[in-house]
Every structure is written in C-alpha cells, then in structure tokens.
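Peer 1: Residue numbers (this note's numbering), protein chains in the order written: chain A, 1 to 130; chain B, 1001 to 1489. We put the beta carbon where it would ideally sit given N, CA and C, even for glycine.
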Amino acid sequence: MSTDPDASDAFGAGDRDAGLAFDALADPVRRRILAVLSESDECSAGELADRITTVGRTAVSTHLRVLRIAGLVSERRSGRFRYYAIEPGGAAADVIALLRNLFQSSLGEARSAAESAAGHREPARREAAG
Amino acid sequence: MGTIAVAVEEFAAVAPEVVFDRFGRDGGGWLFGASCDRVALGEPITLRAPIGDGPPVDVLGRISDLRRPDSITITHDQPWRGRIRLRFTVAPGGTRIRLDAHIDAQGLEWLMRRRGHPVRDRAATGPRIGALTSRSGSGSVFASAVANAAVLAVDEIDVAGGIGGRPVELLHADDATDPGTGALEALRLARAGCRTIFLTTTSATYQAVSSALTGHDVLVVHTNMNEGGGESRLRIRLGERPWTQIALAAGPVMRSSGGRRWFLAGNDYVWPRTVNRIAREVLPGNGAVLVGEGYAPLGARDFGPLIERIAASGADIVLDTFVGADAAAFERQCHAMGLRERTVSLGPAMDEATLERIGFEASEGIHGVSGYFQHLQTERNGTLLQRYRERFGRWAPPLSSLSESMFEAIHVWAAAARQVRTTDPTPVADEMRHGRFEVPRGTIALDGRHHVEQPLHLAAARGATFGSMSDSDCTVRTGAARTPPGRRR
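1. Output needed for Tyr1269/B: all residues of its chain with C-beta closer than 8 Å, excluding positions within five of it in sequence on either side, in chain order.
2. Helix, strand or coil for Pro1440/B, going by three-state DSSP, please let me know.
3. Counting only beta-carbon separations shorter than 8 Å, does Glu1010/B have a partner in chain A?
4. If you drop the 5 nearest sequence neighbours on each side, which residues of the same chain put their C-beta closer than 7 Å to that of Arg1048/B?
5. Taking C-alpha atoms, which residue in Leu1290/B, Ala1329/B and Gly1251/B lies nearest to Ile1307/B?
6. At what residue ranges does the stretch 1405-1450 of chain B contain a whole run of the beta strand (DSSP E), taking only runs of 3 or more?
7. In whole angstroms, what is the alpha-carbon distance linking Glu122/A and Gly1094/B?
8. For Ile69/A, count neighbouring C-beta atoms within 10 Å of its own C-beta (all shown protein chains included) and say buried if the count is 16 or more, exposed if not.
9. Using a cut-off of 9 Å between C-beta atoms, extract the partners of Arg1115/B located in chain A.
10. Please check if any C-beta of chain A sits within less than 8 Å of the C-beta of Trp1030/B.
11. Does any CB atom of chain A fall closer than 8 Å to the CB of Val1018/B?
12. When burial is assigned at 16 or more other CB atoms within 10 Å of the CB, is Ala1212/B buried or exposed?
13. Between Ala49/A and chain B, is there a C-beta pair that is closer than 8 Å?
14. Starting from Ile86/A, trace the beta strand (DSSP E) in both directions and tell me its first and last residue.
15. Answer yes or no: does any C-beta atom of chain A fall closer than 8 Å to that of Thr1003/B?
16. Please tell me whether Arg1128/B and Glu1156/B are closer than 8 Å, where the distance is taken between their beta carbons.
17. Per DSSP, which one or two residues make a beta bridge with Val1318/B?
18. Please classify Gln1377/B: is it buried, with 16 or more other beta-carbons within 10 angstroms of its beta-carbon, or exposed?
19. Can you list, in chain order, the residues of its chain with a C-beta nearer than 7 Å to that of Ile1004/B? Leave out the 5 residues immediately preceding and following it.
20. List, in chain order, every chain A residue whose beta-carbon is nearer than 9 Å to that of Ile1097/B.
21. Look at the Cβ atom of Val1412/B, then the Cβ atom of Phe1373/B, and state whether they are nearer than 8 Å.
22. Report the start-end ranges of each alpha helix (DSSP H) in the stretch 30-57 of chain A that is 4 residues or longer and not cut off at the edges.
23. Would DSSP call Ser74/A helix, strand or coil?
24. Take every Cβ of the stretch 1227-1247 of chain B, pair it with every Cβ of the stretch 1265-1285 of chain B, and state whether three or more of those distances are shorter than 8 Å.
25. In whole angstroms, give me the CA-to-CA distance for Leu1132/B and Ala1186/B.
26. Is there a Cβ from chain B that is less than 8 Å from the Cβ of Ala45/A?
27. How many Å lie between Ser1071/B and Arg1114/B at the Cα?
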C-alpha cells in the first residue's frame, strides 16, 4: 500500500516483540487481564478466569497465550497449576510501574503536605467507623 | 473495561478534611502540584507529571466529581483520555488515601512511545489517515480537543459508509510541540500507511513535517491558523490568515479599548514573526501606532521583563501571538502584574481551550479573531456541539477554531475522496483544492490557488470563554464575494 521505500525495513527484527506487545494490547479482554494482574503479584489461571467473566475459561487461556508470546505476561507452573504475572522486563510492566511510582510518590508528597499543614495540632484520633 | 487501572495507597496521620482541603492549594505538593483557580466541580486543573526525561508533562483535565471530604475525581484529555480518582477514608489515627487511575490503549501507546519502547502499528484494514497534533508541550493546551474532534469526524464518516465501503482508520501522533519530534512522528505515520496526514500544530512543526515528507506520496493538510506559504500539489494549508485577521480586528479592538498604541508580543518562531511583520504593515493604515515588539521562546513561563516593557511602552493593546500554555501563562501574568487595567489583548490564535486555562478573572479584556467559535449559531455547529458532548461527555475540553479545523479538514478530505473514488493523495488533493464545503464554521471555499475563503468573527472574553462582539462590523467574509454553496458534504 505504501510507496515509501523505507516501509519494508522500517521495523527491524529487534522491534518485533514491542510490535506484538501493542497488538496484544489492542484487545479489551487482554487489557482486562493485564489490569487484574497489575493489581497482584501473581494470579492462578483459575483466579483469572473467575475474575474475567465476559468470556469463557478457554478464551481466557487463549488470551493468556497471546500475552505470553508478546512478552507481556510470564507463566509459572507448579504441579498442575499455572500462575501468571506481568512480565517484569516488558513494555507494559515498564509503563505500569512508571505510573505506579509516579502516583505513589505524589501521594507521599500529599501526605507530607497534609501533615505539615496540620502543623503542631493534635493528630487526628478518629477511629474507623464500624 | 478496556482500560488498565493503576491503584496506589498512602496513609496520612491527619483527618480526611485536612488532606482534602490541602488539595490544589498553593500548588503545594498535592498530586504533581495540581493547580486550579478553585477546587470546584468543572474547574480546569493542570497536573505536572514528571514522565521521562525533559520538562514535566501537563496532564490537562477538570474536576469531574467532588465530595468533601470523601473523594476528588479528575477527568483529563491530555496527554491521553483518562480518569484519576482520589478517595479519603477514615483509618485508625488518620486517613487512608487511595488513588485509582485509568489508562486506555491510546494512553498506553503514548506512554510506551514516550518511554522509548518501539511500538509497531497494526496492519491496515482500510484507508488510513494520521492526525498529528500536540498531546504534550505548550501546544497541548490549544490542542486539548483536537484528537477528540478527529475521532468524531472519522466516526461520522464511518457511520456514513466509510470511503469506498471501507471504514477509515485513524492513527494518532504527538509532536510534543517540537518540530523535530513532529517530523519523526509524521514519518512513522507515513510508514504505517497513512496517505494523508492532518496537522493541527504550530507552523514550525508544519514546516519540519512538510520537508521531512518530501518525496513521499503523502498529502499533508495543515488545518489551523497559519501564515501560509510552502503550498504545493500535496501540501494544503487551511486555517485563518494573519492579514485578514488583523484587518478585521484592528478597528473594533481599538474602539473597544479607546486607544491605538499597539505592542506586538509572541513566541519566537515563524508564525508570530510573520503575524507581526504583517501587523507592522497593516496597523498604521488603520490609524494605529506601534510602540514595541518582543519575543520569548516556546515553553517560556516567566514573562515578567517583557510585561514590564509593555507597561513602560504605554501600550493600549497587546497583539498576543503566544500559543497554548505560553499564551495562558503570559495572559495570567499580565493580569497578575496589573497590566489588564491599562491594556486589552488580541490573540489571533487565542481560543476557548486556552481561555479556559487563563481563567475567569484574568480573561477579561482578551479578544480573539477566528473562523470558528463555540458560540457560532450555524446549524452544523449545533449538531457538532451536540455530537461532541454525547461522545466525549460534559467534562471534555471546549471545541475551538483549532479543534473544529481538524474536524472539518477530515470531512473535507472524505468528501473529496468520495468524489474522486480513491484515497490516492494527488487526486484527493486536487479535488479538495477546488471545492466549496459546508462545515460548522460556515462555507469554506478553496479557489485552486492555495487561497481559502472563510467567514471570520471577532469575539471577546466573557468569563473564561468567548462571546460575540456586536456583530454588525465584526463578521466579514474574506476573499471573493459570497456565492451559493456548490457542494455539500
């Protein structure tokens, strides 16, 4: 389609994984799986299937395989169980970690600002309701 | 669904009210120095997030939910569409703060690119076009609704059957308000198969893109106001031109200010320089007196010395050719330094999205002159505003001449492509260049010689948005006399 002579070699073999990564992210179910995984260190296949209710268990397995091939998700086997986590070295892990660190440090600053605003006043002694 | 959520928590040894009430105050540490004029529902807010190297990235949004002392929600459109929700709950000895942020696929893609991960575009499934605009840097302010406008135009085209029975695919790119980045991103869009690329960017980015795509069979359409020049068979520049803008606005703005001393102030690149050269030619003929001229680089945030020069010059009117976040910072500082009591300003690129960032108090006395304002009473504008709000919600940034120009340019392209039954750049460009099109701003007509005729309007700030000035002498058609519309999209 493109007449651009650069088109054929625009993306070398070294870029293949990141390309796959974005293809993998294009699907809403796969993004949902990543979202669930981003909230915990590791999830078993069963737990994931319980939390992703829009598609069946077989479909979840298929999506996990796509995510694994794209280098976004890692798999660990223990006996007959499989556990999944966000691949630590992948592009998705990098940007999710970046966001998490950004927001965490901003909340740390918010805490300091609020506590210093309270100054020498008595710390709050309210108890959680219930 | 469809988004990735990031959640973090913190504990503060103070009551929820204390945490809540510190938000947005003194830019004090709270969520990337969150700054807004008031912590109130609907209020525009800017977070400065340190993402990657270089200056912080402005997250532009507004407060979309507010429940003291339980929660604050920010809905943002730059640099991607998303939502950040803060919740404060009582915990033993203090407050548990929880932050939930949602990021969509476009946001993930933007972050991956910004972090230097190579991201491949998917294989094309239909005619592919690119929208290159500013998701970050100074231009992210004027461009805040541009990506939305592009999405809306493509949605409408696809609902109407696409082009040749196939849906149009829209690829987004961010020039980061930097010409070099813009050129690289334009090359990426071209390699991904975009045969036409629409730019709502500075003219500096347009020039870099136009030159980088030399020899590529790609049509480049610059949609927003510009100084003109460099047009060719595959280069179309729509948008308002400075000569007609200044010629229309000079008289009414002088009458409204009661003075005729002008100071020319703007960013230091091709568009402001050209606007000011034209102003030096046009204004004296209108009885104006030029009392000074000054520039600051794109990205400048301290205009103190320049504003002192303006004050010392005794200017009645500032011709403001700062753009985006620079224009917002400049006008706010003019107000803070008391300049507004003596001067008004006229901004040929001043739009509703920028005005909103200048805020209610500092906006008084600012004038804009464009082919489109949100308050235009055309039937197509009524439809556009309604569809925009239905699609993007009440918290999306205002439309303005810049975002409307992206919307109309894509529709004009689609009308031309349908007419010539191809998306090949050359026949489409030839068709666009001879067309007359009904768009939300009215009728625009191209005469085949790179000249665009469109109605122009003068507006004055009413609160933090624009309202029309007395219409009798403030709306003219530029160029040739009006003739009946030939083609409708």
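Peer 2: For this structure:
1. By 1-based counting over the second sequence, the position of residue 1269/B is 269. If we look at Tyr1269/B and ignore the five residues flanking it on each side, its Cβ neighbours are Thr1202, Ser1203, Ala1204 and Leu1298.
2. Against the second sequence, residue 1440/B aligns to sequence position 440. Looking at Pro1440/B - three-state DSSP - the assignment turns out to be coil, as it is neither helix nor strand.
3. As a position in the second sequence, residue 1010/B is number 10, starting the count at 1. Taking Cβ atoms only, chain A reaches closer than 8 Å to Glu1010/B, which makes this a yes.
4. If you number the second sequence from 1, residue 1048/B lands on position 48. Taken in chain order, the residues that qualify are Phe1032, Gly1033, Pro1056 and Asp1058.
5. Translated into positions along the second sequence, residue 1307/B becomes position 307. Ile1307/B has its Cα closest to that of Ala1329/B, out of Leu1290/B, Ala1329/B and Gly1251/B.
6. 1436-1439 and 1442-1446
7. For the purposes of this step, residue 122/A is taken as residue 122 along the first sequence, with counting starting at 1. For the purposes of this step, residue 1094/B is taken as residue 94 along the second sequence, with counting starting at 1. Residue placement at Glu122/A is poorly supported in this model, since its pLDDT is 46, which falls under 50; the coordinates still yield a value, given next. Cα to Cα, the separation comes out at about 11 Å.
8. Locating residue 69/A in the first sequence gives position 69, where the first residue counts as 1. Its Cβ having fewer than 16 others within 10 Å, Ile69/A is exposed.
9. Position 115 of the second sequence, counting from 1, holds the residue named residue 1115/B. Near Arg1115/B (Cβ distances below 9 Å), the residues of chain A are Ala91, Asp94, Val95 and Leu98.
10. The count along the second sequence starts at 1 and reaches residue 1030/B at position 30. Yes, because at least one Cβ of chain A sits closer than 8 Å to the Cβ of Trp1030/B.
11. For this step, residue 1018/B is matched to residue 18 along the second sequence. Output row for Val1018/B: interface = yes.
12. Residue mapping note: residue 1212/B aligns to position 212 of the second sequence, counting from 1. Buried, by the Cβ-count rule.
13. As a position in the first sequence, residue 49/A is number 49, starting the count at 1. False, the Cβ-Cβ gap to chain B never drops below 8 Å.
14. Here residue 86/A refers to the residue found at position 86 of the first sequence. Start and end: Phe81 to Ile86.
15. As a first step, residue 1003/B must be located in the second sequence, where it is residue number 3. By this cut-off, Thr1003/B is an interface position.
16. Position 128 of the second sequence holds residue 1128/B. Position 156 of the second sequence holds residue 1156/B. No; because the gap between Cβ atoms is not below 8 Å, this pair is not in contact.
17. Taking the first residue of the second sequence as position 1, residue 1318/B is located at position 318. According to DSSP, which records beta bridges pairwise, Val1318/B is partnered with Phe1263/B and Ser1345/B.
18. Start at 1 with the first residue of the second sequence, and residue 1377/B comes out as number 377. Looking at its Cβ environment, which holds fewer than 16 other Cβ atoms inside 10 Å, Gln1377/B is exposed.
19. Indexing the second sequence from 1 puts residue 1004/B at position 4. So the list reads Ile1103 and Leu1108, once near-sequence residues are dropped.
20. Looking up residue 1097/B in the second sequence gives position 97. Simply Leu107, Ala110, Arg111 and Ala114.
21. For the purposes of this step, residue 1412/B is taken as the residue at position 412 of the second sequence. For the purposes of this step, residue 1373/B is taken as the residue at position 373 of the second sequence. No, the Cβ-Cβ distance between Val1412/B and Phe1373/B is not below 8 Å.
22. 45-51
23. Counted from its first residue, the first sequence places residue 74/A at position 74. Strand at Ser74/A.
24. yes
25. Locating residue 1132/B in the second sequence gives position 132, counting from the first residue. Locating residue 1186/B in the second sequence gives position 186, counting from the first residue. Taking the straight line joining both Cα atoms gives about 7 Å.
26. Reading the first sequence from its first residue, position 45 is the one you call residue 45/A. False, the Cβ-Cβ gap to chain B never drops below 8 Å.
27. Walking along the second sequence from the start, residue 1071/B turns up at place 71. Walking along the second sequence from the start, residue 1114/B turns up at place 114. Looking at the two C-alpha atoms, the distance is approximately 30 Å.
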